[in-house]
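Since the structure comes first, as C-alpha cells, the remarks are kept for the end.
2 protein chains.
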Amino acid sequence: MPRPETDIAATRTRIMDAAEEIIREKGAISFTMTDLATAVGMSPSNLYRFFESKDALAEAMAGEWFAELEIIMEELVSAEMPVEDKLYQFFAKRLLVKRARYADDPGLFESYMELGDEHFEVIKGYVDLADHYMATILAEAMEKGYFSGLELDIVVSLVNTMMQPFCNPTLMMQMMHLATEERLALVINTILNGLHAPDERAIIKPDLHIAR
Amino acid sequence: MPRPETDIAATRTRIMDAAEEIIREKGAISFTMTDLATAVGMSPSNLYRFFESKDALAEAMAGEWFAELEIIMEELVSAEMPVEDKLYQFFAKRLLVKRARYADDPGLFESYMELGDEHFEVIKGYVDLADHYMATILAEAMEKGYFSGLELDIVVSLVNTMMQPFCNPTLMMQMMHLATEERLALVINTILNGLHAPDERAIIKPDLHIAR
Chain D
135 MPRPETDIAA TRTRIMDAAE EIIREKGAIS FTMTDLATAV GMSPSNLYRF FESKDALAEA
195 MAGEWFAELE IIMEELVSAE MPVEDKLYQF FAKRLLVKRA RYADDPGLFE SYMELGDEHF
255 EVIKGYVDLA DHYMATILAE AMEKGYFSGL ELDIVVSLVN TMMQPFCNPT LMMQMMHLAT
315 EERLALVINT ILNGLHAPDE RAIIKPDLHI AR
Chain P
135 MPRPETDIAA TRTRIMDAAE EIIREKGAIS FTMTDLATAV GMSPSNLYRF FESKDALAEA
195 MAGEWFAELE IIMEELVSAE MPVEDKLYQF FAKRLLVKRA RYADDPGLFE SYMELGDEHF
255 EVIKGYVDLA DHYMATILAE AMEKGYFSGL ELDIVVSLVN TMMQPFCNPT LMMQMMHLAT
315 EERLALVINT ILNGLHAPDE RAIIKPDLHI AR
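So the protein lines, in turn, are chains D and P.
Residues are numbered in our numbering as their position in the first sequence, beginning at 1, plus a constant of 134.
Residues are numbered in our numbering as their position in the second sequence, beginning at 1, plus a constant of 134.
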C-alpha cells in the first residue's frame with residue numbers, strides 16, 4: 135500500500151500535467167479551477183484539497199519551471215572558474231535551456247509567460263533570486279577590477295538592461311534568432327571591457343544637454 | 135468655399151481622432167471599421183471613401199506616430215556634431231518623446247503598441263528606416279575607429295540588442311523607470327568602449343564549451 139504522501143505528490147503531479155495540457159491548448163488567461171477539476175475528473179472541492187487556489191497551482195508550476203534554472207545558477211555561483219566565464223555561462227546555460235523549451239513547444243512557452251504575467255507576485259521571488267545570484271558574480275568581477283567607480287546596484291541594473299534579449303523570456307520569443315552564444319559572448323565582452331563610471335575614458339557625459 | 139482636398143484632409147483627421155478615442159477606451163484589438171463609422175456618424179461605405187481598410191487607417195495613424203521620430207532621426211544623421219553625441223542623442227531624443235507620450239496617457243500608448251502588433255507589416259517600414267539611420271551613424275563611428283574588426287551588420291544588430299530597453303516601446307513600458315538619460319549615457323559609453331571583435335582584449339571566447 136503506497137504511503138499517503140506519495141499518493142498526494144502523484145495526484146498533484148497529475149493535476150499539474152492536466153493544467154499544462156489546458157494552457158497548451160487554450161492559453162493561460164482563461165482557464166479556471168473548475169475547468170481543471172473537469173479535466174482531471176475531480177469535484178472542484180476535491181481539487182482544492184490539492185491546490186487551495188489558482189495562485190497556489192501557479193506557484194507549484196513556476197517551481198517546476200525554475201527548478202532547472204536554479205540548479206544552474208546555484209552551481210555556477212560556487213563553481214571554481216574564472217569570474218568572466220562564470221558571467222558568460224550564467225547567461226549562456228539558461229539561454230540554452232529556455233531556447234530548447236521554446237523550440238520544443240513555442241505555444242506552451244508563450245502560455246507559461248502568460249501564466250507568469252497573471253501571477254507575477256509568484257514569480258517575483260524567482261526573478262529576485264536570479265538577480266541575487268547575478269549580483270554575487272558581478273561583485274566577484276568587481277573585486278577583480280571590473281566596473282570601476284560604479285556601485286554594485288547600478289551594475290546589476292545596467293547588466294540586466296543590456297542583457298534583456300538574452301534573459302527576458304518574452305523578449306527572447308521575439309528575438310530568438312539573435313540570441314546566439316556568439317552574440318552573447320560579444321555582449322559579455324562589451325560589458326566587461328566597457329562598463330565603468332564616467333572618467334577620462336568617458337565618451338558621452340551624462341549631463342549632456344538634450345533639447346526636444 | 136474650402137478646396138475639396140482640405141475637406142478630405144480635415145475629415146481624415148477627424149476620423150483618425152475618433153479612432154484614437156476608440157482605441158483609448160477599448161484597446162486596439164477589437165475595434166472594427168463599423169464601430170468607427172458609428173463613432174463619426176458616417177455610413178460604413180462613406181467611411182471607406184476616406185480609408186479603404188483598417189490597414190490603411192493603421193498606416194495613416196502609424197505615420198502620425200512616427201512623424202516626430204523621423205524628423206529627429208533625419209536631422210541627427212546630417213547634423214554637424216561628434217558621432218559619439220549623435221549616437222547618444224539618436225536614442226536620448228526619441229526616448230524623451232516616447233516617455234512623454236507614455237506619461238501623457240499610458241493606456242493609449244499601450245493601445246498604439248497593440249495596433250502596431252496587429253498591423254506589423256505597416257510599421258515594419260518604419261522599423262527598417264530607424265535601423266537605416268542608426269546604421270548610418272554607426273558606420274560614421276566605424277570610420278572613427280570604433281567597433282574594430284566587426285561588420286556593420288553585426289554592429290547594428292548588437293547595438294539594437296543591447297539598446298532594447300531604450301528603444302523597444304513595449305519593453306520600455308515595463309522598464310520606464312530604468313531607461314533614464316544617465317543610464318543611457320553609461321550604456322552608450324559601454325558600447326563605444328567595449329564593442330569590438332574578439333582579439334587580444336577578448337575576455338570570453340565565443341567557442342567556449344557550454345555543457346547543459
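Backbone N, C-alpha and C fix where the C-beta goes; we use that ideal spot for every residue, glycine too.
Practice problem: Return no unless some Cβ of chain P is closer than 7 Å to the Cβ of D/M296. | Solution: By the rule that beta-carbons nearer than 7 Å mark a contact, D/M296 touches chain P.
Quiz item: P/E252 lies in the alpha helix (DSSP H); which residues open and close that run?
Solution: Residues P240 to E252.
Self-check item: Any chain D beta carbon closer than 7 Å to P/P299
Solution: Interface residue (Cβ-Cβ distance to chain D less than 7 Å): P/P299 is classified as such.
Quiz item: Using a beta-carbon distance below 7 Å, is D/G161 in contact with chain P?
Solution: Not one chain P Cβ lies under 7 Å of D/G161.
Quiz item: Using the beta-carbon count (16 or more within 10 Å), is P/K278 buried or exposed?
Solution: By the neighbour-count rule (16 or more Cβ atoms within 10 Å), P/K278 is not buried but exposed.
Exercise. Using a Cβ cut-off of 7 Å (strictly closer), state whether D/N327 contacts chain C.
Key: Annotation note: the requested chain C is absent from the structure, which comprises protein chains D and P.
Practice problem: Give me the Cα-Cα distance between D/N294 and P/P299, rounded to the nearest whole angstrom. | Solution: Going from the Cα of D/N294 to the Cα of P/P299 covers about 10 Å.
Practice problem: Check whether the region 218-228 of chain P touches the region 238-249 of chain P, taking contact to mean three or more Cβ pairs, one atom from each stretch, closer than 8 Å. | Solution: These segments do not touch.
Quiz item: Under 7 Å between C-beta atoms, does D/R346 make it to chain P?
Solution: In this prediction, D/R346 scores a pLDDT of 37, lower than 50, which makes its location untrustworthy; no coordinate-derived value is stated.
Quiz prompt | The alpha helix (DSSP H) enclosing D/L163, as first and last residue numbers | solution = A small fix is needed here, since residue 163 of chain D is Ile in this sequence, not Leu. D/I163: not part of any alpha helix (DSSP H); DSSP gives it neither H nor E.
Quiz item: When burial is assigned at 16 or more other CB atoms within 10 Å of the CB, is P/F180 buried or exposed?
Solution: As written in the sequence, residue 180 of chain P is Asn, which differs from the Phe given in the question. Only exposed fits P/N180, as fewer than 16 other CB atoms lie within 10 angstroms of its CB.
Practice problem: Compare the C-beta of D/T314 with all C-beta atoms of chain P and state if any pair is closer than 7 Å. | Solution: With respect to chain P, the C-beta atom of D/T314 has no partner C-beta closer than 7 Å.
Quiz item: Does D/L272 have its Cβ less than 7 Å from a Cβ in chain P?
Solution: No, no contact with chain P.
Quiz item: What three-state label does DSSP hand P/L342 in the structure shown?
Solution: Because the pLDDT at P/L342 is just 45, under 50, the model does not fix this residue reliably, and the value given afterwards should be weighed accordingly. For P/L342, the three-state secondary structure derived from DSSP is coil.
Quiz item: In chain D, what lies closer than 8 Å to P/V174 by C-beta?
Solution: The premise fails here: P/V174 is roughly 32 Å from chain D at the closest Cβ pair, so nothing lies under 8 Å.
Exercise. Decide if D/G250 is buried, meaning its Cβ has at least 16 other Cβ atoms within 10 Å, or exposed.
Key: By the C-beta density criterion, D/G250 is buried, having at least 16 other C-beta atoms within 10 angstroms.
Exercise. Check D/K188 in the structure and name its three-state DSSP category.
Key: Helix at D/K188.
Quiz prompt | Length of the line joining the Cα atoms of D/A143 and D/I149 | solution = Cα to Cα, D/A143 sits roughly 10 Å from D/I149.
Self-check item: Length of the line joining the Cα atoms of P/T304 and P/M247
Solution: Each residue's Cα considered, the two are about 7 Å apart.
Quiz item: Are any of the Cβ atoms in chain D nearer than 7 Å to that of P/L292?
Solution: Interface flag for P/L292 against chain D is set, since a Cβ pair is found closer than 7 Å.
Quiz item: Just to confirm, are P/Y267 and P/M207 a CB contact at a threshold of 7 Å?
Solution: The Cβ atoms of P/Y267 and P/M207 lie closer than 7 Å to each other.
Quiz item: How is D/P175 classed by DSSP in three states: helix, strand or coil?
Solution: The identity of residue 175 of chain D in the sequence shown is Gly, whereas the question assumes Pro. Of the three classes helix, strand and coil, the one that applies to D/G175 here is coil, per DSSP.
Practice problem: Answer with buried or exposed for D/M410, where buried requires no fewer than 16 other C-beta atoms within 10 angstroms of its C-beta. | Solution: Nothing about residue 410 of chain D can be read from this structure; chain D reaches only from 135 to 346.
Quiz item: Taking 7 Å as the CB-CB limit, is D/L210 close to chain P?
Solution: Taking 7 Å as the threshold, the shortest C-beta distance from D/L210 to chain P does not fall below it.
Practice problem: Go through its chain and collect everything with a Cβ distance to P/L230's Cβ below 6 Å, but skip five positions before and after it. | Solution: Answer for P/L230: no residue qualifies.
Exercise. Closer than 8 Å by C-beta to P/E154: which residues in its own chain qualify, once you throw out the five before and the five after it? Chain order, please.
Key: Short of 8 Å from the beta carbon of P/E154, and not among the five residues preceding or following it, lie these beta carbons of its own chain, in chain order: M195 and L242.
Quiz item: Once you ignore the five residues that flank P/H253 on each side, which residues in its own chain have a CB closer than 7 Å to its CB?
Solution: Excluding residues within five positions, the ones whose Cβ falls inside 7 Å are D189 and A192.
Practice problem: For P/K258, name the three-state secondary structure that DSSP assigns. | Solution: Note: P/K258 maps to helix in three-state DSSP.
Quiz item: Apart from the five residues just before and just after P/K227, which ones in its own chain have a Cβ nearer than 8 Å to its Cβ?
Solution: Correct list, in chain order: I206 and L210.
Self-check item: Three-way DSSP call (helix, strand, coil) for D/E285 in this model
Solution: Secondary structure at D/E285: coil, using DSSP grouped into helix, strand and coil.
Quiz item: If the cut is a Cβ gap below 7 Å, which residues of chain D does P/R235 touch?
Solution: Simply none; closest approach about 12 Å.
Quiz item: Apart from the five residues just before and just after P/I157, which ones in its own chain have a Cβ nearer than 8 Å to its Cβ?
Solution: Here the set comprises F165, L242, S245, Y246, E248 and L249.
Practice problem: Kindly list the residues whose CB is nearer than 7 Å to the CB of D/M296, restricted to its own chain and excluding five residues on each side of it in sequence; keep chain order. | Solution: For D/M296, where only same-chain residues beyond five positions count, the Cβ hits under 7 Å are V321 and I325.
Self-check item: As assigned by DSSP and simplified to three states, the class of D/S212
Solution: Note: D/S212 maps to coil in three-state DSSP.
Practice problem: Using the Cα positions of P/A173 and P/R146, report the straight-line distance between them to the nearest angstrom. | Solution: When the Cα atoms are used, P/A173 and P/R146 turn out to be separated by approximately 13 Å.
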